[in-house]
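K.L.:
Plus 4 on top of the position in the sequence shown (first one is 1) and you've got my numbering.
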Amino acid sequence: MDSRIIIALDQLVDQNTLITLSQLVPKVKIGLPIILQYGKDEIKRVLSRANFSEIILDLKLADIGSTMVNVIKAVSDLGDSVIAHAFIGYENALDELKKYANEKNKKIYLLAAMSHPGWFLDIELIYNVIERTQPFGLVAPATRPSVIRKLRNSFPNNVIISPGIGYQGALPGTAICSGADYEIVGRSIYLSKEPIAMIEKINEEMVKRIEQCKASET
Ligand code: BMP
């Protein structure tokens with residue numbers, strides 16, 4: 005099975021490590037902290053020899069449309085897709101972001117619910133925003149499998165990517181067992197002294213858990 009890990013880079017690893025990681029996992033999520041810390045050109049340089057099939061920009065977008073478009077304009081050549089919060093709503097916010105993203109051939113992921121314990125919004129509140137925005141994908145918390153199941157039932161065609169594995173407590177494979185397509189892993193990898201060995205270990209654990217949950221379904 006191909007790896008279903010998305011590396012969340014909120015702290016930079018060296019270029020050689022990144023090249024090897026890109027041979028092991030399909031996608032990377034570039035965090036705002038490293039863009040602010042190192043600048044766009046340095047991030048571009050570090051990514052240039054890596055071989056990710058998708059570079060997702062996590063610019064923490066939650067604003068009126070015009071501001072979000074300006075943020076993306078500044079760094080859009082870094083990646084293929086952008087994540088935006090769904091709770092901000094559609095008119096003069098996600099509608100404008102969607103229009104700009106379509107023009108620039110960028111995919112949009114809507115963050116439907118968050119992974120940390122303090123998140124308090126009801127998932128049903130944003131269904132209408134998802135329906136209207138028609139994003140490529142959704143971000144949903146690995147720490148809340150029931151939320152992933154609800155989203156998967158209501159939005160069978162969206163790619164669901166899921167943070168919360170490792171440092172936030174969810175075990176590798178749990179989000180995919182609930183209906184996600186990819187699991188986002190950050191600190192467990194970039195803070196590890198041996199990120200390559202760590203990714204292999206997480207991958208193995210993920211595959212094992214997915215096989216177990218598939219077997220229990222049949
Ligand atoms: P980590 O594996 O280190 O917990 O990283 C998770 C990544 O996913 C971070 O980049 C974080 O900003 C992001 N994220 C999250 O953890 N929960 C959410 O609800 C939404 C996120 O974007």
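Glycine included, every Cβ here is placed at the ideal spot set by N, Cα and C.
I'd like to know whether the C-beta atoms of V86 and L65 end up nearer to each other than 8 Å.
P.N.:
Here the question's residue 86 lines up with position 82 in the sequence shown. Here the question's residue 65 lines up with position 61 in the sequence shown. Yes. Within cutoff.
K.L.:
Once you ignore the five residues that flank S196 on each side, which residues in its own chain have a CB closer than 8 Å to its CB?
P.N.:
As a working mapping, residue 196 is identified with position 192 in the sequence shown. For S196, where only same-chain residues beyond five positions count, the Cβ hits under 8 Å are M202.
K.L.:
Given the structure, does S119 come close to the ligand BMP, in the sense that its CB is under 7 Å from one of the ligand's heavy atoms?
P.N.:
Position 115 of the sequence shown, counting from 1, holds the residue named residue 119. Yes - the ligand BMP has a heavy atom lying nearer than 7 Å to the Cβ of S119.
K.L.:
Any heavy atom of the ligand BMP closer than 7 Å to the beta-carbon of R1?
P.N.:
Only positions 5 to 222 of the chain appear in this structure, which leaves residue 1 out of reach.
K.L.:
Are I165 and A184 close, meaning C-beta to C-beta below 8 Å?
P.N.:
Taking the sequence shown and counting its residues from 1, one reaches residue 165 at position 161. Taking the sequence shown and counting its residues from 1, one reaches residue 184 at position 180. Cβ atoms of I165 and A184: closer than 8 Å.
K.L.:
Relative to the ligand BMP, is the shortest distance from any of its heavy atoms to the C-beta of I68 smaller than 7 Å?
P.N.:
For the purposes of this step, residue 68 is taken as the residue at position 64 of the sequence shown. I68: no, Cβ never under 7 Å from the ligand BMP.
K.L.:
Identify every run of the alpha helix (DSSP H) within the region 33-121, keeping only runs that are complete inside it and at least 4 residues long; order them along the chain.
P.N.:
Qualifying alpha helix (DSSP H) stretches, in chain order: 36-42, 44-52, 69-79, 99-107.
K.L.:
Any heavy atom of the ligand BMP closer than 7 Å to the CB of A12?
P.N.:
The residue given as residue 12 occupies position 8 in the sequence shown. Checking the Cβ of A12 against the ligand BMP gives yes.
K.L.:
Just grab the DSSP bridge partners of K31 for me.
P.N.:
On the sequence shown, position 27 is the one that residue 31 refers to. In the DSSP output, where bridge partners are listed per residue, K31 has I10, E58.
K.L.:
Relative to the ligand BMP, is the shortest distance from any of its heavy atoms to the C-beta of D62 smaller than 7 Å?
P.N.:
On the sequence shown, residue 62 is found 58 positions in, with the first residue counted as 1. Yes - the ligand BMP has a heavy atom lying nearer than 7 Å to the Cβ of D62.
K.L.:
Does the pairing of the region 87-98 with the region 146-161 give three or more beta-carbon distances under 8 Å?
P.N.:
Result no; under three Cβ-Cβ pairs closer than 8 Å.
K.L.:
Could you tell me which uninterrupted beta strand (DSSP E) segments, each at least 3 residues in length, are contained entirely in the region 155-219, listed from first to last along the chain?
P.N.:
Complete beta strand (DSSP E) runs here, min 3: 163-167, 186-189.
K.L.:
Compare the beta carbon distance of A54 and S80 with 8 Å and say whether it is the shorter of the two.
P.N.:
The residue given as residue 54 occupies position 50 in the sequence shown. The residue given as residue 80 occupies position 76 in the sequence shown. Contact flag unset, no.
K.L.:
Taking 8 Å as the threshold (C-beta atoms), are Q41 and Y194 in contact?
P.N.:
For the purposes of this step, residue 194 is taken as the residue at position 190 of the sequence shown. For the purposes of this step, residue 41 is taken as the residue at position 37 of the sequence shown. Against a cut-off of 8 Å, the Cβ pair of Q41 and Y194 comes out as no contact.
K.L.:
Identify whether V17 lies in helix, strand or coil by the three-state DSSP scheme.
P.N.:
Numbered from 1 along the sequence shown, position 13 holds the residue referred to as residue 17. Residue state, collapsed to three classes: coil.
K.L.:
Are the Cβ atoms of V143 and P167 separated by less than 8 Å?
P.N.:
The sequence position of residue 143 within the sequence shown is 139, counting from 1. The sequence position of residue 167 within the sequence shown is 163, counting from 1. Taking 8 Å as the Cβ cut-off, V143 and P167 qualify as a contacting pair.
K.L.:
What are the boundary residues of the alpha helix (DSSP H) that includes R136?
P.N.:
As a first step, residue 136 is located in the sequence shown; it is residue number 132 there, counting from the start. Residues 131-137.
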